[in-house]
Amino acid sequence: MRTTRPGSDGEHLVQRRLGSTERADRFYAEQVLDRLNDRMREFTARQEMFFLATADRHGACDSTFRAGPPGFLHVLDDRTLAYPEYRGNGVHASLGNIEENPHVGVLMVDFLRDRIGLHVNGRARVLADDEMRRARPDAGLPVDPVPGRRAVVWVEITVDEAYIHCAKHIPHLQKVPARGPDRPWGTDDVKRKGGDFFGAAAEAPERGPFLPPPRPETATWQADAQTWRAAAETVLAKADSAAGTRTFSGWFSRSTE
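Laid out in structure tokens, this is it:
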């Protein structure tokens, strides 16, 4: 049985400040799971998009959008998800953050049918395509025929929390037939990618030249990264140990925070 309330210290502080602790306790007790139940797995398996939140080791955040064919976010089991990272703009902001900080937040929203959302918070790791397929030979991971939709790497997410996003403010949308040819997955055609829609290129000279910081020697950078990851894994292991090893029952005792 898990005996600590989920959420951050700041979350609990704001609940006390705004008088919503009891309301939050009811939500924690009734809606927050540490796994994906049958309905959550079915919901996840038919989604064509989700929003992903990551942060680096300093806490600087990034949010992004991921899309693919229905089921591209694979449910491997009730505690594990995986999705392919496709060829993008080469920045790899999300993958870079995961390299430094494994905590991720996934938000799936069904605008079309159920008009409901599902939050999944967990810890991620990045696997090469061949490594993923060796580790999960029975997962039925497809080899996509569309070059731009083939996995460069996979992100595997171990579920810590799964809970509903309420429907009351989610708009009900409709799909319209695609105009023109299929989506240009993997294209480098600037116009088909959206061009300079926000006019940033015209204003970039006003910003001044972009001067990246000096690159450290590769060996030094790798040593620093390994040291940080080792420290992060130690903290996570201590947190897991403090939470206990018994099965989560769906009830969180109220803390005295």
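Here our numbering is used: the first residue of the sequence shown is 1, the next is one more, and so on.
We put the beta carbon where it would ideally sit given N, CA and C, even for glycine.
Fair warning: this is a prediction, and the values are worked out from it, not measured in the lab.
Taking 6 Å as the limit between beta carbons, can you name the residues of its chain near residue i, skipping five residues before and five after?
{"i": "residue 71", "result": "45"}
{"i": "residue 82", "result": "74, 76, 154, 156"}
{"i": "residue 63", "result": "53"}
{"i": "residue 18", "result": "none"}
{"i": "residue 261", "result": "Only positions 1 to 257 of the chain appear in the structure, and residue 261 is not among them; the question remains open."}
{"i": "residue 78", "result": "35, 36"}
According to DSSP, residue i sits in a beta bridge with which residue or residues?
{"i": "residue 63", "result": "53"}
{"i": "residue 85", "result": "153"}
{"i": "residue 74", "result": "82"}
For residue i, count neighbouring Cβ atoms within 10 angstroms of its own Cβ and tell me buried if that reaches 16, exposed if not.
{"i": "residue 47", "result": "buried"}
{"i": "residue 230", "result": "exposed"}
{"i": "residue 205", "result": "exposed"}
{"i": "residue 89", "result": "exposed"}
{"i": "residue 8", "result": "exposed"}
{"i": "residue 26", "result": "exposed"}
{"i": "residue 117", "result": "buried"}
{"i": "residue 211", "result": "exposed"}
{"i": "residue 24", "result": "buried"}
{"i": "residue 110", "result": "buried"}
Of all Cβ atoms in chain B, is any one closer than 8 Å to the Cβ of residue i?
{"i": "residue 143", "result": "Considering every chain present, this structure includes no chain B. It has just one protein chain."}
Where does residue i sit, in a helix, a strand or coil, going by DSSP?
{"i": "residue 194", "result": "coil"}
{"i": "residue 211", "result": "coil"}
{"i": "residue 13", "result": "helix"}
{"i": "residue 167", "result": "coil"}
{"i": "residue 173", "result": "coil"}
{"i": "residue 158", "result": "strand"}
{"i": "residue 36", "result": "coil"}
{"i": "residue 48", "result": "coil"}
{"i": "residue 317", "result": "Since the first and last residues shown for the chain are 1 and 257, residue 317 lies out of range."}
{"i": "residue 21", "result": "helix"}
{"i": "residue 6", "result": "coil"}
{"i": "residue 90", "result": "coil"}
{"i": "residue 96", "result": "helix"}
{"i": "residue 201", "result": "helix"}
{"i": "residue 178", "result": "coil"}
Might you give, ordered along the chain, the residues of its own chain that have their beta carbon closer than 8 Å to the beta carbon of residue i, omitting 5 neighbours on each side?
{"i": "residue 101", "result": "54, 55, 56, 57, 232"}
{"i": "residue 255", "result": "Residue placement at residue 255 cannot be trusted, given a pLDDT of 43 that sits under 50; what the coordinates show is reported in the next sentence. These residues qualify, in order along the chain: 4, 5, 12."}
{"i": "residue 95", "result": "85, 126, 153, 155"}
{"i": "residue 123", "result": "102, 103, 104, 157, 158, 160, 236"}
Cutting at 7 Å between CB atoms, please list the residues of its own chain near residue i, excluding the five before and the five after it.
{"i": "residue 133", "result": "141"}
{"i": "residue 32", "result": "6, 161, 163"}
{"i": "residue 175", "result": "112"}
{"i": "residue 67", "result": "48, 49"}
### Message
Which complete beta strand (DSSP E) runs does the stretch 98-151 hold, if anything under 3 residues is left out?
### Response
103-110, 116-128
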